[in-house]
Every structure is written in structure tokens, then in C-alpha cells.
Amino acid sequence: MYIEDAIVSENKAIAEGIYRLDLSAPRIAATAQPGQFVNILVHDDLIPLLRRPMSVAGVNGDNLALIYKIFGAGTTIMESWASGQRVNLLGPLGHGWEYDSERLPILVGGGVGLAPINFLHEYLLGISKEHWLVIGARSKKEHFLAHDPANGILLTTDDGSAGFHGTALDGLQSVLRENKNAPHQIFACGPPAMLEAIGTYTVKAALPCQLAVEEMMGCGFGICQGCSIEAKVDADNDQPSYGKRFKLVCMDGPVFHADQLVLNHD
Amino acid sequence: MIDVTVKLSDQLILKNPVLTASGTFGYGDEGRDLVDVNQLGGIVTKSITLHPREGHPPPRIAETAAGMLNAIGLANVGVEHFCREKLPYLAGLETAVFVSIAGSTMDEYVEVLSTIEQANLGFAGYEINISCPNVKKGGMEFGVDANMTRELTQRLREATDRFMMIKLSPNVTDIGLIARAAEQGGADAVSAINTVVGMDIDPVTGNFKVSTGLCGLSGPAIRPVALAAVYRVAQAVSIPVIGVGGISAAEDVVRFVRAGAHAVQIGTLNYRDPGIGVKISARLPELLRKIGAGSLGELRGLVN
Ligand SMILES: Cc1cc2nc3c(=O)[nH]c(=O)nc-3n(C[C@H](O)[C@H](O)[C@H](O)COP(=O)(O)OP(=O)(O)OC[C@H]3O[C@@H](n4cnc5c(N)ncnc54)[C@H](O)[C@@H]3O)c2cc1C
Ligand SMILES: Cc1cc2nc3c(=O)[nH]c(=O)nc-3n(C[C@H](O)[C@H](O)[C@H](O)COP(=O)(O)O)c2cc1C
Ligand code: FES
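Chains as they are written, first to last, in my numbering: chain S, 10 to 275; chain Z, 608 to 911.
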């Protein structure tokens with residue numbers, strides 16, 4: 010965990026409302042693992058007051074990539090950054106995906122939930138590990154990769170304007186049908202409704218699945234106790250959340266095994 | 608040499624006036640990769656209760672203009688675990704450590720404090736949290752009642768010789784009255800303020816932004832409220848006052864000292880920058896030189 014002044018190298022729109030920010034941050038880039046995040050100080054003034062957490066979307070040498078969507082004040086400021094801008098980062102934070110080399114990875118991302126999925130995708134490409142990438146969006150405009158099932162990339166759209174017509178869960182189920190016999194492992198990140206659907210489905214079907222979740226954060230490294238999420242905790246209180254009912258997204262997550270979380274299905 | 612040390616009692620001299628506030632710096636070890644805590648004037652721990660507390664359901668925090676709302680619900684490891692796993696590290700630090708304690712009955716406060724005393728380790732003292740707005744029982748119940756404040760302080764005073772400061776709530780009609788009750792009960796100092804009762808509501812969904820509805824506001828947004836409280840408290844008592852609320856710069860430290868504080872605590876700003884306390888204390892001598900003061904103490908109460 011470092012506090013590092015990063016320098017923006019590129020900041021550009023890659024799909025409707027979705028941006029990619031590349032920054033030089035050698036110390037964080039050298040240690041970041043897929044699934045981890047950074048906490049960004051978006052402004053030197055006191056508004057917005059808190060840092061903004063963003064998943065690492067990829068690492069290239071000294072560079073760190075982020076993929077973000079404009080929501081409010083913080084991300085609007087981020088959109089204005091030009092190359093050369095200095096940005097204070099805290100990271101890498103949290104713990105990332107637990108990858109099992111014996112299994113076929115099936116990655117599912119929706120919206121900006123693509124960021125931590127993209128990092129894992131690049132990591133798996135780097136070690137030449139065959140895998141599937143399922144990306145969900147409402148329509149074609151929100152996609153920035155090409156539908157390429159022959160190479161394991163399946164795009165889905167809710168309106169059928171590109172790729173597979175259906176939700177990310179429908180896309181995941183179709184990949185599962187095609188790979189019935191391979192032991193697999195599912196990694197998902199996206200909007201709450203998508204995670205809920207995928208979590209509920211995989212827990213019921215007893216499929217190994219990890220979800221990267223989001224919660225409002227104060228600090229990003231365990232000192233505020235603000236980012237709790239309801240979870241099934243078996244250990245005693247010698248853990249970052251201090252208690253038995255909750256886990257901290259910033260320390261215990263943001264990646265959780267789906268069956269550890271309390272999703273609406275139970 | 609500009610003197611930034613602070614004498615809180617004959618036994619207790621802080622190397623500088625900047626402490627971290629309870630609940631905003633964990634147990635002092637979480638940020639040790641990021642900041643040398645020994646350069647701080649002191650650390651106040653997360654409030655400890657008799658039993659571990661899991662805290663409130665999410666969402667526990669929300670952001671407001673230059674502030675934040677929280678209802679953590681005093682999530683903490685409990686006194687037994689604290690004494691075993693956290694206190695030995697804290698006792699080894701070269702900065703003043705204040706253990707914050709909370710309870711839902713007077714007996715509970717006394718039991719927590721006595722348990723910590725039995726651990727028999729070296730640390731500066733206690734901060735008694737009688738002002739948490741986020742728990743149903745105890746906490747603020749004590750902090751809004753002068754008689755209860757006096758009695759609780761007396762009972763704790765009997766249980767320890769260490770430095771003891773009482774943390775006051777701004778959510779009262781006359782904070783000076785409560786401060787005086789703490790002084791009469793034998794407190795060595797008072798700290799002010801804890802969070803200000805607040806709330807936010809999502810206009811579209813109608814949901815409370817923080818799960819409990821009512822919660823506590825902190826950060827630069829409350830600095831004027833805190834400054835006024837410290838000013839009133841300093842008029843009311845002759846024991847040292849520790850100012851807390853919205854401090855984000857060395858200038859703010861001087862503001863609180865001019866209002867009558869001996870030292871300050873930094874809370875919410877630690878989330879933004881865990882190194883802020885060290886940075887602020889390092890900048891103080893330069894600021895004092897600019898003001899033309901040889902020591903921080905010279906400026907205490909100096910307002911016109
Ligand atoms: C671990 C983690 C990883 C994330 N990764 C990404 C990512 O890769 N790309 C991306 O676009 N977004 C990501 N987010 C969400 C991102 O943090 C919010 O979109 C961003 O903070 C919005 O800030 P804003 O000022 O633009 O919007 P605001 O108007 O301030 O807030 C809009 C919403 O964003 C969320 N939010 C605001 N502040 C925080 C905060 N301090 N902590 C958590 N949530 C907050 C809240 O739900 C809020 O209602 C991630 C969040 C978490 C917790
Ligand atoms: C998330 C959070 C948790 C807190 N927990 C405690 C606590 O356990 N005990 C306590 O006495 N004060 C607690 N406080 C209050 C702070 O110590 C401080 O009094 C208050 O936040 C005002 O200072 P600030 O504006 O610098 O944050 C907490 C504040 C926040 C924001
Ligand atoms: S964000 Fe502060 S504890 Fe997780």
C-alpha cells in the first residue's frame with residue numbers, strides 16, 4: 010500500500026459515457042493484482058471530501074489503467090484531466106481474484122464492472138491461459154470490444170443491438186452449456202442487479218464464483234469501518250470488520266466468494 | 608526554535624498538538640505503511656466496549672458538502688481482544704496513546720477501564736466517549752446530562768491514575784455545563800466535539816443515505832460548530848481543552864488554539880490523507896513564525 014503522485018498519460022472516451030484513464034504510477038503498478046483497487050484524491054480542495062475508489066483495469070510497465078463512468082462530481086473532475094495532470098493515489102488496496110490454474114476461467118463483466126475483469130483478462134492472456142470473457146451491456150453503444158466467440162469473447166446486449174441478445178447471466182449460461190465438462194471458475198463484476206442475478210444463480214447451482222462488489226468507502230484501508238457488507242463470517246472477531254455479521258469491502262474484498270455473501274436469495 | 612510541545616499535565620507533555628481522533632485512525636497499526644505515527648502528538652484509539660460490537664448495517668457512511676455522515680455503531684473488537692492484540696503494539700509507540708472507551712451503563716465503562724488497567728501496560732491515558740450519537744443505549748445519554756457526566760467521571764477517576772479526558776457532544780443546549788461537570792468529576796481534560804447529529808435523504812428513492820436515518824456529521828462542514836464549542840468550553844473550565852472537528856490544515860490548529868484549545872484531534876481528514884496529521888504538525892513552526900509567535904501556547908485564548 011502506497012500513497013503515490015501519479016501522472017496522467019492518457020484520458021479518453023472508449024464507449025458512451027465510459028472513459029479509460031492511463032496513469033504513470035510505478036510503485037502501485039509494480040504490485041497491483043487483478044481485482045485490487047486504488048483510492049483517488051480527485052481534488053486538492055475539500056469538495057469532494059473523500060477519495061473515489063476505482064478498480065485497476067490493467068497494468069502496463071509503470072502504467073496503470075482505470076476504466077470509469079461519469080456519475081457525479083468526482084468522476085466529472087476526472088473527465089477533465091489532461092495528460093501531465095498530477096493525481097494522488099492510494100493503493101493497491103483490497104484483495105483481488107483468487108485464480109485456480111486447474112479450472113477454466115469464465116469472466117463476466119457489465120458496465121464499468123469491466124475494469125477488474127479486464128485486468129484479469131489481460132493477466133490470463135499474458136500467461137496464455139484459455140478463458141471466456143462475457144460482457145454485458147444495454148446496447149451496442151456501451152461496448153468497446155468486438156463480439157468474437159471463436160476467441161472466447163461473448164458480448165451480450167439487453168436490446169439485441171450487438172452480439173448475444175440477453176443479459177450477462179444469459180451469456181454466462183450459454184458459455185456454461187458449451188463447456189459442460191470442463192471444471193470452471195466464474196469471476197463477475199458489474200451493477201448490483203447483475204451481481205445479484207449471477208450470485209444467486211451460481212450459489213444455487215453450486216458453481217464456484219467470485220464477485221467484486223462496491224460499497225461507499227471512507228478510507229479504503231480499514232480505519233473507518235464504513236464499507237461493511239452483510240456476509241457469512243465464521244471466524245471470531247480477529248478480522249478487519251471486528252464483528253461476525255459484516256465484512257469490509259475494502260479489506261476483506263472487494264472480491265468475495267458468492268456463497269460468503271448474503272444475497273437476496275437467502 | 609519554535610516550541611510546538613504541549614503540556615497537558617505535569618506528567619504528560621505532547622511532542623506536538625496534533626492527535627488523531629477516535630474512530631478515524633483504527634488502532635494505530637492499520638496505516639503504519641503509510642505514516643510514521645510516532646511523529647504525531649498522539650493517537651486516540653477507536654472506542655472500545657466491553658463486548659465486541661458488529662456495528663450497524665450498510666450503508667454506514669455518506670458524503671455531504673465538505674463533510675461526511677456516519678453511523679458505524681461503535682463497531683470494535685471488544686476490550687479483551689483489544690488488550691491482547693492491540694494494546695501491546697500501542698504501548699510500544701513513542702507517541703502519547705489515549706484509549707477511547709465507551710459503554711451502555713456506568714458499570715460497563717468502569718469494567719472496560721479496569722480491564723485495561725489490569726493489562727498493566729504503558730500508555731498515556733484515556734478518552735471517555737460519552738458523546739457517540741450512533742448507539743441506542745449509553746454514549747450520548749451520558750453526555751447530555753451533567754449529573755451523569757459528573758458521576759461517571761468520578762467513578763472512572765477512582766479506577767485510574769492515568770490522564771483522563773472526557774469527550775463532549777455538541778448535541779446539547781449548554782456544552783459548558785457538561786464540561787464543568789466533567790471537571791468537577793475529576794477529568795484531566797475535555798475534548799470537543801464528537802459528531803453533530805445529521806441526516807441525508809435521497810430525493811428520488813426517499814431512502815435515508817445512512818441506514819440508521821439519524822447519524823453523525825463530521826469534517827470541515829462542522830469546523831465552525833466545533834470552534835464555537837471549544838470557545839465556550841474553554842471559558843467554562845480551567846482544565847485543558849482538546850479541539851476536534853473539521854481540522855484540515857495547520858491554520859485550523861491555530862484557530863482552535865486561539866479559541867482556547869491546548870491541542871487538537873484530526874478525524875475525517877485522515878480518510879482523505881492518512882499522513883495529514885504529520886504534515887500539519889510539521890508545518891506548524893513555519894506558520895507560527897509567520898504569525899510572529901515563539902510558541903503555540905502564546906496564542907492560546909488570543910482572540911479579538
Ligand atoms: C472497490 C470499488 C471499485 C470501483 N471501481 C470502479 C471502476 O473501476 N470504475 C468506475 O467507474 N467506478 C468504480 N467504482 C465506483 C466509483 O467509486 C463511483 O462511481 C465514484 O465514486 C462516483 O463518484 P462521483 O463523485 O462521480 O459520484 P457521486 O455523485 O459522488 O456518487 C455517485 C455514487 O457513487 C458512489 N460513491 C461516491 N463516492 C464513493 C466512495 N467514496 N466510495 C464508494 N462509492 C462512492 C455512491 O454509490 C454514490 O451514490 C468502484 C467502487 C468501489 C467501492
Ligand atoms: C467514521 C467515524 C467513526 C467515528 N468513531 C468514533 C468513535 O468510535 N469514538 C469517538 O469518540 N468518536 C468517533 N468519531 C468522531 C470523531 O472522533 C470526531 O470527534 C468527529 O469526527 C469530528 O472530527 P472531524 O470533523 O475531524 O472528523 C467518529 C467519526 C467518524 C467520521
Ligand atoms: S472504506 Fe474505511 S474501512 Fe473500508
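Note that CB positions come from ideal geometry on N, CA and C, so glycine has one too.
- For P62 of chain S, the CB falls within less than 7 Å of some heavy atom of ligand 1.
- If you check the C-beta of M226 of chain S against ligand 3, you find a heavy atom less than 7 Å away.
- A distance of 8 Å or more separates the beta carbons of H869 of chain Z and P892 of chain Z.
- Within its own chain, the residues whose Cβ lies closer than 7 Å to the Cβ of A673 of chain Z, once the five positions on either side in sequence are excluded, are G826, P827, A828, listed in chain order.
- E670 of chain Z sits in a strand when the DSSP states are folded into three classes.
- Ranked by Cα distance from T767 of chain Z, the options Z:I609, Z:G635, Z:E718, Z:A856 are led by Z:E718.
- Shown in chain order are the members of the stretch 199-232 of chain S whose Cβ falls below 9 Å from a Cβ of chain Z: E224, M225, M226, G227, C228, G229, F230, G231, I232.
- The contact set of F632 of chain Z on chain S, defined by CB atoms closer than 7 Å, consists of I232 in chain order.
- Cβ atoms of L164 of chain S and I144 of chain S come within 8 Å of each other, at about 5 Å.
- The beta carbon of N877 of chain Z falls within 8 Å of a beta carbon belonging to chain S, placing the residue at that interface.
- Not a single heavy atom of ligand 3 lies less than 7 Å from the C-beta of G792 of chain Z.
- Below 8 Å, too few C-beta pairs join the stretch 213-226 of chain S and the stretch 82-94 of chain S to call them touching: fewer than three.
- Apart from sequence neighbours up to five positions away, the residues of its chain that approach V68 of chain S with a beta-carbon distance below 6 Å are A38, A41, ordered along the chain.
- The beta carbon of L30 of chain S sits closer than 6 Å to those of N20, L75, all from its chain and outside the five residues before and after it, given in chain order.
- Taking one beta carbon from each stretch, the stretch 175-183 of chain S and the stretch 91-102 of chain S have fewer than 3 pairs nearer than 8 Å; the two do not touch.
- Neighbourhood of I679 of chain Z in chain S, by CB distance below 7 Å: Q234, G235, in chain order.
- When only Cα atoms are considered, A731 of chain Z and G850 of chain Z end up about 18 Å apart.
- The three-state secondary structure of L142 of chain S, taken from DSSP, is strand.
- Close to chain S, meaning a Cβ-Cβ distance shorter than 8 Å, are the following residues of the stretch 804-831 of chain Z: G826, P827.
- Set against 7 Å, the gap from the CB of E905 of chain Z to the closest heavy atom of ligand 1 is not smaller.
- Between G227 of chain S and I668 of chain Z, the CB-CB gap stays under 8 Å.
- Boundaries of the beta strand (DSSP E) around E19 of chain S: 11-24.
- Contact check for G229 of chain S and P249 of chain S: beta-carbon distance about 12 Å, past the 8 Å limit, so the pair fails to qualify.
- For the pair P43 of chain S and G122 of chain S, the CB atoms are not nearer than the 8 Å cut-off.
- In the three-state DSSP reduction, F230 of chain S falls in the coil class, being neither helix nor strand.
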